[in-house]
Amino acid sequence: MKRSLIASIVAGVTVMVWLVIFAATTSVPAAAPQSAAGQAKTAASGPLPKTPWDGKPDLTGTWGPATAGPGPNHDARSPTNTERRDRGLALDALYQPWAREKSRALAYLDDPRYHCGPYGFPKYINIPDYFLLQIVQAPKETLVFTEYIYSGYRTITTDGSPHPKKIVPSFFGDSVGHWEGETLVVDVTGFNGKIWLPGVAAPPPGGRGRGQNAGEPEGGGFMTSDALHEVERWRLLDADTLEYEATVEDPKVLTGPWTTPKSLLKRAPAGVVINEALCLDPEDLAHMKATEKKK
Amino acid sequence: MTHKAFCGLVVSLGLVAAALPRAHHSFAVNFDRDKPIVVTAVVTGVKWENPHTLIYVDVKDKDGKVEKWTFESFPPGVLYRKGLRQDRLKPGGEVTLKGFQARDGSNFANVSVASFPDGKSFCVQFPGASAPVGDNAYDGCTGGDTGQYR
Amino acid sequence: MGKAFGAALLGASVAVLAFFTFASSVPAAAQQSGGARTATPAKAVPRASWDGKPDLTGVWQGASLNARAYGLAELERLYQPSAKEKMKALTEKDDPIRQCSVYGYPRRIAKSFPIQLVQAAEVVVVLDNRPHIYRYIPTDGRKHTEDVFPTYQGDSVGRWDGDTLVVDVTTFNGKIWLGGVEDHPTPDSSGGWITSDALHLVERWHLLDADTLEYQATVEDPRVLTGPWTTPKIVLKRAPIRKLEEEGHCIPADIDWVSPAAR
Chain Y
99 MKRSLIASIV
109 AGVTVMVWLV
119 IFAATTSVPA
129 AAPQSAAGQA
139 KTAASGPLPK
149 TPWDGKPDLT
159 GTWGPATAGP
169 GPNHDARSPT
179 NTERRDRGLA
189 LDALYQPWAR
199 EKSRALAYLD
209 DPRYHCGPYG
219 FPKYINIPDY
229 FLLQIVQAPK
239 ETLVFTEYIY
249 SGYRTITTDG
259 SPHPKKIVPS
269 FFGDSVGHWE
279 GETLVVDVTG
289 FNGKIWLPGV
299 AAPPPGGRGR
309 GQNAGEPEGG
319 GFMTSDALHE
329 VERWRLLDAD
339 TLEYEATVED
349 PKVLTGPWTT
359 PKSLLKRAPA
369 GVVINEALCL
379 DPEDLAHMKA
389 TEKKK
Chain C
29 MTHKAFCGLV
39 VSLGLVAAAL
49 PRAHHSFAVN
59 FDRDKPIVVT
69 AVVTGVKWEN
79 PHTLIYVDVK
89 DKDGKVEKWT
99 FESFPPGVLY
109 RKGLRQDRLK
119 PGGEVTLKGF
129 QARDGSNFAN
139 VSVASFPDGK
149 SFCVQFPGAS
159 APVGDNAYDG
169 CTGGDTGQYR
Chain U
13 MGKAFGAALL
23 GASVAVLAFF
33 TFASSVPAAA
43 QQSGGARTAT
53 PAKAVPRASW
63 DGKPDLTGVW
73 QGASLNARAY
83 GLAELERLYQ
93 PSAKEKMKAL
103 TEKDDPIRQC
113 SVYGYPRRIA
123 KSFPIQLVQA
133 AEVVVVLDNR
143 PHIYRYIPTD
153 GRKHTEDVFP
163 TYQGDSVGRW
173 DGDTLVVDVT
183 TFNGKIWLGG
193 VEDHPTPDSS
203 GGWITSDALH
213 LVERWHLLDA
223 DTLEYQATVE
233 DPRVLTGPWT
243 TPKIVLKRAP
253 IRKLEEEGHC
263 IPADIDWVSP
273 AAR
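Chains as they are written, first to last, in our numbering: chain Y, 99 to 393; chain C, 29 to 178; chain U, 13 to 275.
Here it is as structure tokens:
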């Protein structure tokens, strides 16, 4: 009885040892041909590219706003001026009264970019300028790169690690992502309170239009606090279209959550990568400082 | 080590900023859509920097008098991405610049289109530079190259 | 009891002081022998599942190397006389790192602040927070981009040479330094360790084991140097942190102006 028990145990252990050795020395089949095809580089839309290590949609690529100019990337679904204005008013309505007053009084030079601060997210997604977004998806993290006003990057942890217990507040916050089906859901916290949300606050009565489109209100900025918390949803609609949406809460300045409209990004042509940008020559605040002193 | 300790000594930009014309990225705040200008000029210098590339030109008026102008554009990487590079935009070269003048009336403008003697032109227009078309923002240049890639 | 304790404390302090002095003056390669101090054997190099290449992903931290350990004595001998004149005129305030730009490579590797590498299917990325910046190193076999604007960090392309990632970097803007004004490998050293836009950097990144990353770089700059300079082999150890812990964005201090409304 004892002998057969020992023999069983030895056999079981031997099998386990071989299994462990096998697992440790054999890499997961890489499906190599697929990984090359998965990095869809041409403009032709096709099936979603997938990462070879886990079969998730691969967001890797360089992405441009779909709404920049009437060129090939212009998207017919870009918002009208009326829609833009209405969105600004809707967000403005969510501000707590004290915060609304302060936000409307902010000067354009209070915009973080004039202090070498980034647009941050969600605002960077919607800049209709010529600035791009680049994503690198790796097994345990997904990286997001920007190029305005400097080379800001985000590290989205995707290996199941939670937010660190102690987060040093930052412009981009701390990002933790997980997949819900084919959507990458990213939870962001640990902001430093210095970024603005997209859009502009409503003008005071009689205020004239400014900004990018006639009819868009002038003045102000949608400030945030260090209590800002965001949940983003990143999803490939097809091989060349990336959809982004974010729900934002900020109990210190807002009365409730705000969800951005869905934004579309289009894949840039092959070979395009974003640029290094260092903020060394910021908009001339020194000039404004000097001007203010003279007053 | 704190940010401040790390960043160390401050570079005084005061003198430099005073010498430079105002440089702002928000088009509508500083440039006037109702003051379009077109100049054919000789480039005297180009400051390829982030966040703005500045193009210094000598413009000859009808009487042959030279006026100095500065045109502002996107960061160098963005211009390169469109194909507008140092081989074209360089001191001594001729360029036709279409853009919008600064609101303060100074010899400072924002570039929309840069065209060259060989016929090639580049649309590098800032959003908000064009008047809306109906209820839609219109961010392109008329004719020529559009979009952010070459 | 007090005396014995005091003596022990003094002895321990001397030992610690001696250790750090010794550790900083010994060439970096010799620090590899530190592995022998640990009881656990070195772990095998992890490999990327999609192509079997060594996986450099992780947060890596080296010792802070003094000028001699970093090989600057040899670099000093290579500066052309005209470049040496320019060097001597430079002070700490001219150092690009004091103006919110970057250390650049290989200078960054000689610092003890960690860096983070992330390896994906066709790229290796280097993430930094001293200051906040990234390097994008494609490993898909592409050549240098012909018409990219010169930058502080240059244009990097990587390829695997066996188990070593070889990174070739060109198209620099000439503004980074190879060392600081504080780096004095010899008594006569002074000034900033300038480069030009002819700088060409070749780096070799190589995992010795799962927790040890070895870096070596060769620098050529025909406008300022008479010949190539190769750093010693510099060792980084895997740091026990998941990711870089501060954003590290550098803001030029004189742009703190805010409107009255924002105060």
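Cβ atoms here follow ideal geometry from the backbone N, Cα and C, with glycine treated the same way.
All values derive from a computational prediction rather than experimental measurement.
Any C-beta of chain C under 8 Å from that of residue i
i, result
"U/Val138", "no"
"U/Asp159", "yes"
"Y/Ile247", "yes"
"Y/Tyr217", "no"
Per-residue burial, residue i [other beta carbons within 10 Å of its own, 16 or more giving buried]
i, result
"C/Lys126", "buried"
"U/Lys255", "buried"
"C/Glu100", "buried"
"Y/Val351", "buried"
"U/Asp195", "buried"
"U/Trp72", "buried"
"U/Arg89", "exposed"
"Y/Gln149", "Strictly speaking, residue 149 of chain Y in this sequence is Thr, with Gln absent from that position. That one is buried."
"Y/Trp356", "buried"
"U/Arg154", "exposed"
Residue i versus the options, residue with shortest Cα-Cα distance
i, options, result
"U/Gly203", "U/Val71, U/Tyr82 and U/Lys98", "U/Lys98"
"U/Ala222", "U/Gly70, U/Asp63, U/Gly64 and U/Ser61", "U/Gly70"
"U/Val247", "U/Glu194, U/Glu226 and U/Thr230", "U/Glu226"
"Y/Asp156", "Y/Arg182, Y/Arg185 and Y/Trp332", "Y/Trp332"
"U/Glu258", "U/Leu237, U/Pro126 and U/Arg120", "U/Pro126"
"U/Asp180", "U/Cys112, U/Tyr117 and U/Leu219", "U/Tyr117"
"U/Val160", "U/His144, U/Asn141, U/Gln128 and U/Thr182", "U/Thr182"
"Y/Tyr212", "Y/Lys292, Y/Pro349 and Y/Leu340", "Y/Lys292"
"Y/Phe229", "C/Val94, C/Arg61 and C/Phe102", "C/Phe102"
Residue-chain proximity (residue i, chain U), Cβ-Cβ < 8 Å
i, result
"Y/Phe451", "Outside the shown range of chain Y (99 to 393) lies residue 451 of chain Y, about which nothing can therefore be said."
"Y/His327", "no"
"Y/Leu376", "yes"
"Y/Gly253", "According to the sequence shown, residue 253 of chain Y is Thr rather than Gly. Y/Thr253 counts as touching chain U."
"Y/Ala236", "yes"
"C/Pro119", "no"
"Y/Thr158", "yes"
"Y/Glu347", "no"
"Y/Pro315", "Interpretation of Y/Pro315 is limited by its pLDDT of 41, a score under 50 that renders its predicted location unreliable; the figure taken from the coordinates is listed afterwards. No, because no Cβ of chain U sits closer than 8 Å to the Cβ of Y/Pro315."
"Y/Gly250", "yes"
"C/Arg116", "no"
"C/Arg113", "yes"
Bridge partner(s) assigned by DSSP for residue i
i, result
"Y/Met321", "Y/Trp294"
"Y/Gly162", "Y/Lys364"
"C/Lys126", "C/Val66 and C/Val141"
"Y/Leu155", "Checking the sequence, you will find Pro at residue 155 of chain Y rather than Leu. Looking at the DSSP assignment, Y/Pro155 forms a beta bridge with Y/Lys148."
"U/Pro66", "U/Arg59"
"U/Ser208", "Looking at the DSSP assignment, U/Ser208 forms no beta bridge with any residue, so it has no partner."
"U/Leu213", "U/Val181 and U/Val231"
"C/Thr81", "C/Trp76 and C/Ser101"
"Y/Arg331", "Y/Val283 and Y/Glu343"
"Y/Phe289", "Y/Ser268"
First through last residue of the alpha helix (DSSP H) which encompasses residue i
i, result
"U/Ser94", "Pro93 to Lys100"
"C/Val106", "Pro104 to Lys110"
"Y/Thr180", "Asn179 to Leu192"
"Y/Pro344", "Here residue 344 of chain Y is Ala; the residue named in the question, Pro, does not match the sequence. Premise fails: Y/Ala344 lies in the beta strand (DSSP E), Thr339 to Glu347, not in any alpha helix (DSSP H)."
"U/Ala85", "Leu84 to Leu90"
Contact with chain Y by residue i, beta-carbon distance below 8 Å
i, result
"C/Phe150", "no"
"U/Ile145", "yes"
"C/Asn78", "yes"
"U/Thr69", "yes"
"U/Glu232", "no"
"U/Trp189", "no"
"C/Val103", "For the sequence presented, residue 103 of chain C should be read as Pro rather than Val. It does; some Cβ of chain Y falls within 8 Å."
"C/Arg109", "yes"
"U/Val179", "no"
"U/Lys255", "yes"
Unbroken beta strand (DSSP E) run spanning residue i, endpoints
i, result
"U/Pro150", "His144 to Pro150"
"Y/Ala203", "Run containing Y/Ala203: none in the beta strand (DSSP E); it sits in the alpha helix (DSSP H), Pro195 to Ala203."
"C/Glu95", "Val94 to Ser101"
"U/Asn141", "Val135 to Asn141"
Residue i beta carbon near the ligand ZN (any heavy atom closer than 7 Å)
i, result
"C/Phe99", "In the structure on display, the ligand ZN does not appear, and there are no ligands present to speak of."
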